[in-house]
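Going down the list, the sequences are from chains H and B. With my numbering as the guide, the letters of the first sequence map in order to residues 63 to 543. With my numbering as the guide, the letters of the second sequence map in order to residues 63 to 543. Cβ atoms here follow ideal geometry from the backbone N, Cα and C, with glycine treated the same way. Take a look at the structure set out below.
There are 2 protein chains.
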Amino acid sequence: MTGTAAIIGGGVIGGGWAARFRLMGWDVRVFDPDPEAERKLGEVMANARRSLPGLHDAALPPEGAMTRHATVAEAVTGADWVVESVPERLEIKHRVYAEIQAANPGVIVGSSTSGYKPSELQEGAAVPGNILVTHPFNPVYLLPLAELVPSAANPPDVVTRAKAVLTEIGMHPLHVRAEIDAHIADRFLEAVWREALWLIKDGVATTEEIDDAIRYGFGLRWAQMGLFETYRIAGGEAGMRHFIAQFGPCLSWPWTKLMDVPDLTEDLIDTIAGQSDAQSGRHTIRELERIRDNNLVAMMRALKAQDWGAGALLNARDAALPKPAVDIAGPIPVMDRAVPLDWTDYNGHMNEARYLQAFSESSDRFMEIIGVDAACIAAGMSCFTAETHLRHLGEVHAGDAIRVTAQLLESKPKTYRLWLEMTVGGAVAATCEQTLIHVNLETRRASEPLPAVAERIAAIAAAHAGLPWPEGAGRAIGQGR
Amino acid sequence: MTGTAAIIGGGVIGGGWAARFRLMGWDVRVFDPDPEAERKLGEVMANARRSLPGLHDAALPPEGAMTRHATVAEAVTGADWVVESVPERLEIKHRVYAEIQAANPGVIVGSSTSGYKPSELQEGAAVPGNILVTHPFNPVYLLPLAELVPSAANPPDVVTRAKAVLTEIGMHPLHVRAEIDAHIADRFLEAVWREALWLIKDGVATTEEIDDAIRYGFGLRWAQMGLFETYRIAGGEAGMRHFIAQFGPCLSWPWTKLMDVPDLTEDLIDTIAGQSDAQSGRHTIRELERIRDNNLVAMMRALKAQDWGAGALLNARDAALPKPAVDIAGPIPVMDRAVPLDWTDYNGHMNEARYLQAFSESSDRFMEIIGVDAACIAAGMSCFTAETHLRHLGEVHAGDAIRVTAQLLESKPKTYRLWLEMTVGGAVAATCEQTLIHVNLETRRASEPLPAVAERIAAIAAAHAGLPWPEGAGRAIGQGR
Numbered sequence: 063m064t065g066t067a068a069i070i071g072g073g074v075i076g077g078g079w080a081a082r083f084r085l086m087g088w089d090v091r092v093f094d095p096d097p098e099a100e101r102k103l104g105e106v107m108a109n110a111r112r113s114l115p116g117l118h119d120a121a122l123p124p125e126g127a128m129t130r131h132a133t134v135a136e137a138v139t140g141a142d143w144v145v146e147s148v149p150e151r152l153e154i155k156h157r158v159y160a161e162i163q164a165a166n167p168g169v170i171v172g173s174s175t176s177g178y179k180p181s182e183l184q185e186g187a188a189v190p191g192n193i194l195v196t197h198p199f200n201p202v203y204l205l206p207l208a209e210l211v212p213s214a215a216n217p218p219d220v221v222t223r224a225k226a227v228l229t230e231i232g233m234h235p236l237h238v239r240a241e242i243d244a245h246i247a248d249r250f251l252e253a254v255w256r257e258a259l260w261l262i263k264d265g266v267a268t269t270e271e272i273d274d275a276i277r278y279g280f281g282l283r284w285a286q287m288g289l290f291e292t293y294r295i296a297g298g299e300a301g302m303r304h305f306i307a308q309f310g311p312c313l314s315w316p317w318t319k320l321m322d323v324p325d326l327t328e329d330l331i332d333t334i335a336g337q338s339d340a341q342s343g344r345h346t347i348r349e350l351e352r353i354r355d356n357n358l359v360a361m362m363r364a365l366k367a368q369d370w371g372a373g374a375l376l377n378a379r380d381a382a383l384p385k386p387a388v389d390i391a392g393p394i395p396v397m398d399r400a401v402p403l404d405w406t407d408y409n410g411h412m413n414e415a416r417y418l419q420a421f422s423e424s425s426d427r428f429m430e431i432i433g434v435d436a437a438c439i440a441a442g443m444s445c446f447t448a449e450t451h452l453r454h455l456g457e458v459h460a461g462d463a464i465r466v467t468a469q470l471l472e473s474k475p476k477t478y479r480l481w482l483e484m485t486v487g488g489a490v491a492a493t494c495e496q497t498l499i500h501v502n503l504e505t506r507r508a509s510e511p512l513p514a515v516a517e518r519i520a521a522i523a524a525a526h527a528g529l530p531w532p533e534g535a536g537r538a539i540g541q542g543r
Numbered sequence: 063m064t065g066t067a068a069i070i071g072g073g074v075i076g077g078g079w080a081a082r083f084r085l086m087g088w089d090v091r092v093f094d095p096d097p098e099a100e101r102k103l104g105e106v107m108a109n110a111r112r113s114l115p116g117l118h119d120a121a122l123p124p125e126g127a128m129t130r131h132a133t134v135a136e137a138v139t140g141a142d143w144v145v146e147s148v149p150e151r152l153e154i155k156h157r158v159y160a161e162i163q164a165a166n167p168g169v170i171v172g173s174s175t176s177g178y179k180p181s182e183l184q185e186g187a188a189v190p191g192n193i194l195v196t197h198p199f200n201p202v203y204l205l206p207l208a209e210l211v212p213s214a215a216n217p218p219d220v221v222t223r224a225k226a227v228l229t230e231i232g233m234h235p236l237h238v239r240a241e242i243d244a245h246i247a248d249r250f251l252e253a254v255w256r257e258a259l260w261l262i263k264d265g266v267a268t269t270e271e272i273d274d275a276i277r278y279g280f281g282l283r284w285a286q287m288g289l290f291e292t293y294r295i296a297g298g299e300a301g302m303r304h305f306i307a308q309f310g311p312c313l314s315w316p317w318t319k320l321m322d323v324p325d326l327t328e329d330l331i332d333t334i335a336g337q338s339d340a341q342s343g344r345h346t347i348r349e350l351e352r353i354r355d356n357n358l359v360a361m362m363r364a365l366k367a368q369d370w371g372a373g374a375l376l377n378a379r380d381a382a383l384p385k386p387a388v389d390i391a392g393p394i395p396v397m398d399r400a401v402p403l404d405w406t407d408y409n410g411h412m413n414e415a416r417y418l419q420a421f422s423e424s425s426d427r428f429m430e431i432i433g434v435d436a437a438c439i440a441a442g443m444s445c446f447t448a449e450t451h452l453r454h455l456g457e458v459h460a461g462d463a464i465r466v467t468a469q470l471l472e473s474k475p476k477t478y479r480l481w482l483e484m485t486v487g488g489a490v491a492a493t494c495e496q497t498l499i500h501v502n503l504e505t506r507r508a509s510e511p512l513p514a515v516a517e518r519i520a521a522i523a524a525a526h527a528g529l530p531w532p533e534g535a536g537r538a539i540g541q542g543r
């Protein structure tokens with residue numbers, strides 16, 4: 063399911079939505095009267111192109127097109143979804159909704175507002191039930207959270223459809239069941255921001271010290287488990303109840319006295335801005351954006367390998383992406399993907415170990431095709447690699463679309479030999495020859511595979527017997543002496 | 063610099079300190095009268111052993127010993143450092159300090175208190191200047207943050223020494239220059255906890271929804287950049303000042319009304335505990351601990367590859383770890399390390415791509431030895447791998463201590479051939495034969511190396527010419543047809 067999304071307001075947030083929709087295969091129609099909009103949209107899209115596709119372990123649909131439009135009415139005509147990311151002033155939002163619904167009354171409008179309640183947004187609308195909050199987090203093209211906040215005026219099918227669209231573009235729609243100011247996440251951001259202002263105003267800590275206090279400690283905990291699951295562990299086997307009994311009383315003493323809001327005087331703003339320059343001023347904002355995206359991609363892919371948190375969301379989304387069709391008549395396509403940001407190294411190209419990671423995952427896909435899948439492994443039979451011969455024939459860079467095909471060179475009762483070829487735009491970038499052993503996971507020894515697997519391998523072996531022998535197969539490195 | 067640390071109080075926090083000190087080569091002497099202490103210390107140590115050593119890219123010093131002692135006085139005798147992790151009651155802490163300083167008045171005592179100010183801890187002490195706050199975060203053996211809070215009574219050399227010890231055991235001592243209740247980080251935790259209690263009490267969100275709001279959104283941002291650097295980006299090229307101008311005003315409306323503290327009634331506790339069971343109850347606490355540690359190791363290693371945040375701290379600590387001595391007379395040791403948690407796969411052993419990662423990093427170390435180091439690469443000359451032949455001869459598991467040696471098989475004007483052998487406890491687990499090309503990074507083409515590099519290679523080639531030819535070198539996979 064792809065479609066057309068209209069983006070009203072093309073700043074950092076609207077641009078992030080546009081990039082995410084396009085990279086997930088949707089066409090986008092943008093309205094933004096800002097003369098700088100073209101440049102801003104292009105910058106966000108460039109960041110998204112280098113970071114999002116490689117997060118996924120399968121190829122995303124072809125990138126959607128972007129068109130720009132002179133009026134809101136024109137932008138939303140024919141759209142299947144509307145993103146509203148205009149400034150946080152209610153009268154502006156109301157005016158925009160009126161224009162949208164005059165031109166396309168049936169379309170759902172998701173507002174990126176971080177503060178307003180959906181019932182406030184809906185006031186005076188022609189079709190209040192088609193307006194709700196879909197609050198994303200910067201960078202929108204990477205972070206999966208979208209707070210989905212309906213009011214009582216939204217019919218259930220609008221909420222269902224909104225969840226489907228957000229999930230389709232790789233987000234996690236967090237259904238906020240009671241509308242409140244600032245939804246959920248920004249309540250926390252606000253609380254932390256208040257405390258941070260006090261710490262700076264009172265001269266207790268600088269912006270950098272505060273950031274270090276977060277990123278070297280609880281930030282790492284929260285990135286994967288959040289608040290309550292973390293504290294559940296702190297409570298030990300006795301769990302949450304014990305944790306509250308132990309730490310709850312602290313709540314009423316003494317730091318609650320610091321909950322007033324400090325005045326944002328010019329002095330305080332100068333202090334914060336100056337400290338922030340000292341902390342981060344050696345990087346431009348564009349550099350910081352790329353550093354942030356590199357870090358997020360690396361951490362999200364790390365969580366993906368653990369199938370946890372934001373990584374588990376990615377795995378779920380990948381499961382719905384099409385795999386290359388299995389046709390055993392020729393070399394079988396076993397991987398189509400973009401090279402992730404975190405696969406490159408100090409030489410500026412894909413690190414050699416990542417070639418083997420790509421080939422290893424390709425080999426896993428071949429295993430799946432012959433029936434050595436999760437169920438087979440759970441039943442105690444798998445395949446281990448005994449030997450690998452890897453040749454690097456061309457450089458591969460982050461973002462490149464790589465394809466890997468598998469040719470079965472040889473099949474014996476307990477082993478098989480595979481030829482994997484990686485291409486970028488049709489040119490061979492690397493080859494990998496592997497011997498794999500069918501292994502009984504209990505004895506950890508070579509063993510004949512299950513009959514269904516043996517049958518499937520035999521069929522592929524028969525089909526591949528007539529294929530030309532690949533150049534380089536069976537070759538050694540250098541010569542013995 | 064290693065030494066002996068006394069740990070007074072062996073719960074989750076004291077046990078975490080003990081594990082970190084031991085794995086960094088310190089001996090620890092524990093006092094904890096709890097009959098369960100032995101079991102608890104053992105559980106934390108088991109978690110630490112499986113997760114900490116592999117975080118580092120070089121071998122840690124040999125693990126230190128642990129002894130248990132019947133009195134505080136006996137535990138602190140001869141200690142170079144004392145950790146105080148007793149319950150958060152001032153009269154208990156004062157009594158413990160008196161016992162410590164009666165037996166060892168010269169030793170520095172770092173308190174794990176999350177709430178008390180150092181001046182409160184020092185009241186009535188024999189040597190107030192030797193007591194300060196070193197507040198860690200659970201799990202202490204993984205998270206690098208330690209808030210170091212002295213008072214005016216602590217002489218500068220005590221603070222300097224405390225920083226050195228914390229850095230030595232792989233932590234980041236965040237020097238809090240003004241003592242306040244709850245230091246810095248817990249101010250934020252407290253603020254977020256208050257907001258969370260309100261959201262649950264008001265029925266706006268469940269524990270799981272709150273955790274999702276954190277871990278799918280700002281948690282990922284905070285794990286690597288914290289609050290201010292994240293907002294600096296949000297402000298765009300205009301920076302922090304623009305961000306505050308744009309978002310500052312929100313501070314005074316409307317969600318500040320929610321800063322009171324909700325009463326922790328039985329009802330509210332039941333609600334939280336019930337929701338937490340629904341969210342996480344399918345895992346035991348031990349399982350959650352291991353999931354958390356797997357996630358933290360994977361994310362911290364991801365940040366390490368980006369040399370950022372907690373990962374940059376790890377790199378800095380690694381730089382101080384000894385590398386295997388370079389002796390070119392025989393195969394040269396190029397890697398000594400523990401297999402990190404995130405290198406294993408669904409088969410329960412080290413993933414094949416991680417073998418190549420270990421060999422690739424070993425090959426990088428060989429490059430460094432021949433003079434192709436960071437400076438050489440910056441000057442435009444590097445080495446690219448052309449071909450690799452990998453054989454898996456034994457299974458390797460997370461935590462295994464692996465050693466890799468490098469033998470130079472052949473050297474030509476623009477290429478060289480390397481034989482890498484990975485052993486675990488002396489047994490060969492894998493071999494890797496590689497051809498590398500000297501490359502000019504501008505032309506991206508083969509090129510003769512710098513003279514100093516050529517000279518160094520020639521010396522190694524001469525030394526290795528007499529070594530026995532390794533079994534398996536120059537071998538192909540299977541046969542051509």
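Minimum Cβ-Cβ distance from residue i to chain B less than 8 Å
i	result
arginine 277 (chain H)	yes
arginine 352 (chain H)	no
tryptophan 317 (chain H)	Caution applies to tryptophan 317 (chain H), whose pLDDT of 47 falls short of 50 and renders its modelled position unreliable; the model cannot decide the point.
serine 544 (chain H)	Only positions 63 to 543 of chain H appear in this structure, which leaves residue 544 (chain H) out of reach.
aspartate 119 (chain H)	no
Cβ-heavy atom distance, residue i to the ligand PLP, below 7 Å
i	result
methionine 397 (chain B)	In the structure shown, the ligand PLP is absent, as is every other ligand, since no ligand is present at all.
First through last residue of the alpha helix (DSSP H) which encompasses residue i
i	result
glutamine 368 (chain B)	Premise fails: glutamine 368 (chain B) is in no alpha helix (DSSP H) and is neither H nor E.
valine 211 (chain H)	It is not in any alpha helix (DSSP H) - valine 211 (chain H) instead sits in the beta strand (DSSP E) that spans 207-211.
histidine 345 (chain B)	It is not in any alpha helix (DSSP H) - histidine 345 (chain B) carries neither H nor E in the DSSP assignment.
Residue range of the beta strand (DSSP E) that includes residue i
i	result
arginine 453 (chain B)	443-454
aspartate 94 (chain H)	Neither: aspartate 94 (chain H) is in no beta strand (DSSP E) and is coded neither H nor E.
alanine 400 (chain H)	394-400
8 Å Cβ cutoff, residue i in contact with chain H
i	result
aspartate 380 (chain B)	no
histidine 454 (chain B)	yes
alanine 135 (chain B)	no
phenylalanine 428 (chain B)	no
Straight-line gap, residue i to residue j (C-alpha atoms, nearest Å)
i	j	result
valine 359 (chain B)	glutamine 184 (chain H)	46 Å
serine 147 (chain H)	lysine 155 (chain H)	9 Å
leucine 375 (chain B)	proline 206 (chain B)	8 Å
valine 458 (chain B)	tryptophan 405 (chain B)	10 Å
threonine 129 (chain B)	proline 395 (chain B)	34 Å
isoleucine 432 (chain H)	threonine 505 (chain H)	22 Å
alanine 208 (chain B)	glutamate 533 (chain H)	57 Å
lysine 319 (chain B)	phenylalanine 250 (chain H)	Unreliable positioning characterises lysine 319 (chain B) in this predicted model, as indicated by a pLDDT of 44, which lies under 50. A coordinate reading is not provided.
Beta-ladder partner(s) of residue i, from DSSP
i	result
leucine 194 (chain H)	H:Gly172
glutamine 469 (chain H)	H:Trp481
valine 144 (chain B)	B:Ala68, B:Val171
leucine 508 (chain H)	In the sequence under discussion, the amino acid at residue 508 (chain H) is alanine, which differs from the leucine named in the question. Answer is H:Val501.
Checklist entry - Are there three or more Cβ pairs, one per stretch, closer than 8 Å when the region 443-457 of chain B is compared with the region 487-501 of chain B? => result yes
Checklist entry - Is it true that the region 98-108 of chain H meets the region 219-228 of chain H, where meeting means three or more beta-carbon pairs spaced less than 8 Å apart? => result no
Checklist entry - So does the region 191-200 of chain B actually touch the region 170-181 of chain B, counting three or more Cβ pairs closer than 8 Å? => result yes
Next on the checklist: Counting beta carbon pairs with one atom in the region 415-428 of chain B and one in the region 485-498 of chain B, are three or more of them shorter than 8 Å?
Outcome noted: yes
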